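Peer 1: This structure is in C-alpha cells; I'll ask about it shortly.
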Amino acid sequence: MSVLTITSLRKEYFDTYTNETIPAIDDVSFEVAESEFVSILGPSGCGKTTVLNIIAGFIEPSGGEVLLRGRPILGPGPDRGVVFQSFALFPWTTVLQNITFGLKMRGIDRRGTLVPSIGRPGRLAGRDPVATTASANCRNVARSSGVCRTA
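1 is the number of the first residue of the sequence shown in the numbering used here; add one for each residue after it.
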C-alpha cells in the first residue's frame with residue numbers, strides 16, 4: 001500500500017511581465033510505499049522543489065492529486081517534516097522560541113518536555129537565532145568558503 005500517492009500533479013505560475021502561464025511541473029505521478037526511500041533528481045529549475053513544496057503543503061497544485069495515507073494534503077501539517085538546505089528559522093523570535101515552535105504547534109506544554117541535549121534552555125531564552133546560527137555557521141563554513149559575516 002502506498003503512503004504517498006502523487007497523481008497527474010501540475011503546477012503553473014502566472015508571469016505578470018509576459019501575461020503568460022508558465023508550467024513548473026506537468027503530469028508528475030509516482031507512489032511511495034511504507035519504508036521506501038525516494039530521491040527526486042533533475043537539472044536546476046525542473047520542478048524538484050515545487051514537488052516537495054506541494055507535498056509539504058506549502059503551495060497548492062494547479063492540478064492533480066496528492067494523497068498522504070489516502071487523505072488529500074491541503075496545507076502544512078504535523079504529519080510531515082521538511083529539512084531545508086538553508087536556515088529555516090524565525091529571525092523575529094528567540095532561539096528558545098524557535099526550538100519550542102513545533103511543540104507549541106502540537107499543543108504540547110514545553111515545561112519538562114525540552115530534551116536535555118539542547119543544553120540549558122535558560123541560556124537560550126533571549127538569544128537571537130540569526131546571530132547564534134550565523135556564528136555557528138561561520139565555524140562550519142569558514143574553512144571552505146573563506147567568507148562569512150555575522151549579522
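Here a beta-carbon is modelled for each residue, glycine too, at the ideal position from N, C-alpha and C. This structure is a prediction, so every number in the text was calculated from the model and none was measured.
(1) Helix, strand or coil for T18? Go by DSSP, reduced to three states.
(2) Any contact of the region 48-63 with the region 6-14, i.e. 3+ C-beta pairs under 8 Å?
(3) If we count the other Cβ atoms within 10 Å of its Cβ and call it buried at 16 or more, is A24 buried or exposed?
(4) Hey, L67 and D79: beta-carbon distance below 8 Å or not?
(5) Would you list the one or two residues that DSSP bridges to V28?
(6) In chain order, what residues of the same chain lie with their CB nearer than 7 Å to the CB of R82, ignoring the 5 residues before and after it?
(7) Starting from the Cα of D26, find the closest Cα among E34, M105, T50 and give me that residue.
(8) Do you know whose CA, among I59, S86, F90, Q85, lies nearest G75's CA?
(9) Is it right to say I6 is buried, meaning 16 or more other beta carbons lie within 10 angstroms of its own, or is it exposed?
Peer 2: Taking the definition as stated:
(1) coil
(2) yes
(3) buried
(4) no
(5) L9
(6) According to the sequence as given, residue 82 is Val; it is not Arg. So the list reads A56, once near-sequence residues are dropped.
(7) T50
(8) I59
(9) buried
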